[in-house]
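Report on the following structure.
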Amino acid sequence: MSMEIDARQAAVMPTYGRADISFVRGKGSWLYTRDDTAYLDCATGIAVNVFGHGDTRLVAALMSQAEKLWHTSNLYRIDEQEKLALRLATHAGLDQVFFCNSGVEANEAAVKMARRFQFRQGFEKRFKILCAGGAFHGRTLAMLAATDKPLFREGFGPMPEGFVHVPFGNLNHLRDAMNVDVAAIMVEPVQGEGGAIVAPEGYLEGVRKAADDFGALVIADEVQTGMGRTGYLFAYQKTDIQPDLVVLAKGLGGGFPVGAVVARKAIGEAMGPGSHGSTFGGNPLAMAVANAVLDGLEETGFLEDVRRRAALLNDKLNKLADDYPTLIIERRGAGFLRGLKLSDSLVVGDMTTALRAEKLLCVPAGENVLRLLPPLTFSESEIEQAYLILDRVFSGFVAS
Ligand SMILES: *Cc1c(COP(=O)(O)O)cnc(C)c1O
């Protein structure tokens, strides 16, 4: 029996360092193992399950669409896709949407769009994409070049050309790097994988201005920060900048794989029929669920309440940081994307393991940051429960 299980486990390519645990069902903020042990989920499949697990509205949307029609093709019109496109475009202050299946695909499409737009404007050499230090944009070859993590690129070269990195949050370096070869500046409003790092006040406005001064576009990678994660539908909406391209995935389907690029009409026109595609992108199943996710996020007062509850979580994390100053050296993040930077005496992977042993699921991020990504529905009592576990585990590290 166990031999059999080991053979199956070994049949999965070891691209992830996996914990030896699996879940068989979920409800709300909780995941359950086969023996019915409950885990409080502050990982949400890495910022995906915005309404937690088994949300009845999302399940109903999926089931009802599943009985009607799963998949047709982008060779035909897809009603649910047109509906979602108009809704997302309207929310983003933009015009057109391209649908695909993941964050990296959406980012890759956004870069193609930026280059194609410049090309159509007559700027054939304007292909550079300015990215931020510590950025994470995904794992395809081009997005590895956009991602600032040399280790991720090891043995995968040569990398596609034209991606340049400047320190995140520093407008002087950004302006120095700007020139007429830059097609677009690509930026995460809050760096998720990089360590829950919020762009400093005024930074996104400075990015917009630098882009405008040189005729470059702004790509907001909201794959992690979008769909309410920071308490706003899109994180950039906390500022008054308007990106030219907004990239979405993770939370968009609440757990159903789907990605999207929302863009200005002129960018869509520069693309045109045959310029890009995806067999599965925007299929009826994905669109039905994503429309239901947006319904939930649009409910009157919901995002306001996310901000209120996220502030409560933040208060608790502040208290932890005050109580364990030798273990927690910085508090970071926005909304329900929060990070605690741990001191060098602690390795974040050991922390997530210790928390998991106490039935709390969290995620490591860059710079030794413990990241909390609860569902947007995380309740006050769940915040308290998460806090109590964190407090217990941190106190254990003090004692040891
Ligand atoms: C997760 C993530 C991606 C990659 O998304 P995948 O769906 O894993 O391809 C890209 N950008 C950001 C900001 C992310 O957090």
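Residues 100 to 499 in our numbering are what the sequence shown lists, from first letter to last.
Each residue gets a CB set at the ideal place from its N, CA and C atoms; glycine is no exception.
Does the segment 381-394 come close enough to the segment 412-426 to have 3 or more Cβ pairs within less than 8 angstroms? no
Is the beta carbon of residue 434 less than 8 angstroms from the beta carbon of residue 453? Translated into positions along the sequence shown, residue 434 becomes position 335. Translated into positions along the sequence shown, residue 453 becomes position 354. No, these two residues do not count as a Cβ contact at 8 angstroms.
Buried or exposed for residue 400, please, with buried defined as at least 16 other CB atoms from any protein chain shown within 10 angstroms of its CB. Position 301 of the sequence shown, counted from the start, is the residue given in the question as residue 400. Around the CB of residue 400, fewer than 16 other CB atoms lie within 10 Å, so the residue is classed as exposed.
What do you get for residue 124, buried or exposed, if any count of 16 or more other CB atoms within 10 angstroms of its CB means buried? Residue mapping note: residue 124 aligns to position 25 of the sequence shown, counting from 1. Residue 124 comes out exposed.
For residue 320: DSSP bridge partner residues: Residue 320 sits at position 221 when you count from the first residue of the sequence shown. BP columns for residue 320 point to 346.
For the alpha helix (DSSP H) holding residue 210, just list the boundary residues, first then last. Position 111 of the sequence shown, counted from the first residue, corresponds to residue 210. Start and end: 202-219.
Rounded to the nearest angstrom, what separates residue 264 and residue 162 at their Cα positions? Residue mapping note: residue 264 aligns to position 165 of the sequence shown, counting from 1. Residue mapping note: residue 162 aligns to position 63 of the sequence shown, counting from 1. Rounded to whole angstroms, residue 264 to residue 162 spans 44 angstroms at the Cα level.
Which residue or residues does DSSP assign as beta-bridge partners of residue 196? As a working note, residue 196 is residue 97 in the sequence shown. 361.
Taking 7 angstroms as the limit between beta carbons, can you name the residues of its chain near residue 200, skipping five residues before and five after? Numbered from 1 along the sequence shown, position 101 holds the residue referred to as residue 200. Contacts found: 356, 357, 358, 377, 379, 380.
Could you please give me the residues that DSSP links to residue 129 through a beta bridge? To locate residue 129, count along the sequence shown from 1; it is residue 30. Within the DSSP bridge table, the entry for residue 129 names 126, 139 as partners.
Have a look at residue 320 and residue 286 and give me their C-alpha separation to the nearest angstrom. Position 221 of the sequence shown holds residue 320. Position 187 of the sequence shown holds residue 286. Each residue's Cα considered, the two are about 6 angstroms apart.
Host beta strand (DSSP E) of residue 448 (start-end): Looking up residue 448 in the sequence shown gives position 349. Residue 448 -> not in any beta strand (DSSP E); alpha helix (DSSP H) instead, spanning 447-456.
Using a Cβ-Cβ cutoff of less than 7 angstroms, which residues in the same chain neighbour residue 502 once the five nearest sequence positions on both sides are dropped? Outside the modelled stretch of the chain, which goes from 100 to 499, sits residue 502, for which no answer is possible.
Is the segment 458-476 close to the segment 287-298, with three or more CB pairs under 8 angstroms? Flag = yes, the segment 458-476 and the segment 287-298 touch.
Give a yes or no on contact between the segment 261-280 and the segment 320-340, applying the rule of three or more CB pairs nearer than 8 angstroms. no
With distances taken between CB atoms, is the gap from residue 388 to residue 353 smaller than 8 angstroms? Within the sequence shown, residue 388 is the residue found at index 289, counting from 1. Within the sequence shown, residue 353 is the residue found at index 254, counting from 1. Yes, they are a contact pair.
Do the segment 158-172 and the segment 365-372 make contact, defined as three or more Cβ pairs closer than 8 angstroms? no
Which residues in the same chain have their Cβ closer than 6 angstroms to the Cβ of residue 316, if we skip the five residues on either side of it in sequence? On the sequence shown, residue 316 is found 217 positions in, with the first residue counted as 1. Once the five neighbours on either side are set aside, the close Cβ partners of residue 316 are 213, 283, 343.
Measuring CA to CA, which of 449, 347, 474 is closest to residue 404? Along the sequence shown, one-based indexing puts residue 404 at 305. Minimum Cα distance to residue 404 is reached at 474.
Rounded separation between residue 497 and residue 406 - CA only: Within the sequence shown, the letter at position 398 stands for residue 497. Within the sequence shown, the letter at position 307 stands for residue 406. Each residue's Cα considered, the two are about 31 angstroms apart.
How is residue 149 classed by DSSP in three states: helix, strand or coil? Translated into the one-based positions of the sequence shown, residue 149 becomes position 50. Residue state, collapsed to three classes: coil.
Using beta-carbon positions only, say whether residue 402 and residue 327 come within less than 8 angstroms of one another. Against the sequence shown, residue 402 aligns to sequence position 303. Against the sequence shown, residue 327 aligns to sequence position 228. In this structure, residue 327 lies closer than 8 angstroms to residue 402 by Cβ.
Can residue 481 be considered in contact with ligand 2, in the sense that its beta carbon sits closer than 7 angstroms to one or more heavy atoms? Ligands displayed in this structure: ligand 1; ligand 2 is not among them.
Pairing CB atoms from the segment 113-128 with CB atoms from the segment 472-488, are three or more of them under 8 angstroms? yes
To the nearest angstrom, how far is it from the Cα of residue 119 to the Cα of residue 134? As a working mapping, residue 119 is identified with position 20 in the sequence shown. As a working mapping, residue 134 is identified with position 35 in the sequence shown. Whole-angstrom Cα-Cα distance: 14 angstroms.
Candidates 459, 468, 472: closest to residue 491 by CA position: In the sequence shown, counting from the first residue as 1, residue 491 sits at position 392. Closest option to residue 491, Cα to Cα, is 459.
Where does residue 100 land, buried or exposed, given buried means 16+ other C-beta within 10 angstroms? Taking the sequence shown and counting its residues from 1, the one referred to as residue 100 is at position 1. Confidence at residue 100 is low in this model, with a pLDDT of 48, below 50, so its placement is unreliable and no value can be given for it.
Should residue 292 be listed as close to ligand 1, given that the test is whether its C-beta is under 7 angstroms from any heavy atom? One-based indexing of the sequence shown puts residue 292 at position 193. True, at least one ligand heavy atom lies under 7 angstroms from that Cβ.
Less than 8 angstroms separating the beta-carbons of residue 345 and residue 191? Within the sequence shown, the letter at position 246 stands for residue 345. Within the sequence shown, the letter at position 92 stands for residue 191. The answer is yes: Cβ separation under 8 angstroms.
Between the alpha carbons of residue 362 and residue 114, how many angstroms are there, rounded? What you label residue 362 is simply residue 263 of the sequence shown in a count that begins at 1. What you label residue 114 is simply residue 15 of the sequence shown in a count that begins at 1. Near 33 angstroms, if we compare the C-alpha coordinates of residue 114 and residue 362.
Thinking just about the alpha-carbon of each residue, which of 289, 232, 271 is nearest to the one in residue 262? As a first step, residue 262 is located in the sequence shown; it is residue number 163 there, counting from the start. When only C-alpha atoms are compared, the closest one is 232.
Can you say whether residue 188 is buried or exposed, counting buried as having 16 or more other CB atoms within 10 angstroms of its CB? The residue given as residue 188 occupies position 89 in the sequence shown. When all chains shown are included, residue 188 counts as buried.
Considering only C-alpha positions, which residue in the set 251, 310, 237, 216 is nearest to residue 204? Counted from its first residue, the sequence shown places residue 204 at position 105. Among 251, 310, 237, 216, the Cα nearest to that of residue 204 is on 237.
Mind checking which residues open and close the beta strand (DSSP E) that includes residue 262? Counted from its first residue, the sequence shown places residue 262 at position 163. Run containing residue 262: 262-265, per the beta strand (DSSP E) assignment.
Classification of residue 500 by the beta-carbon crowding that lies within 10 angstroms, buried from 16 upward: A question about residue 500 goes unanswered here, because the residues of the chain that appear run from 100 up to 499.
Could you check the C-alpha separation between residue 337 and residue 110 for me, to the nearest Å? To locate residue 337, count along the sequence shown from 1; it is residue 238. To locate residue 110, count along the sequence shown from 1; it is residue 11. Approximately 45 angstroms, taken between the alpha carbons.
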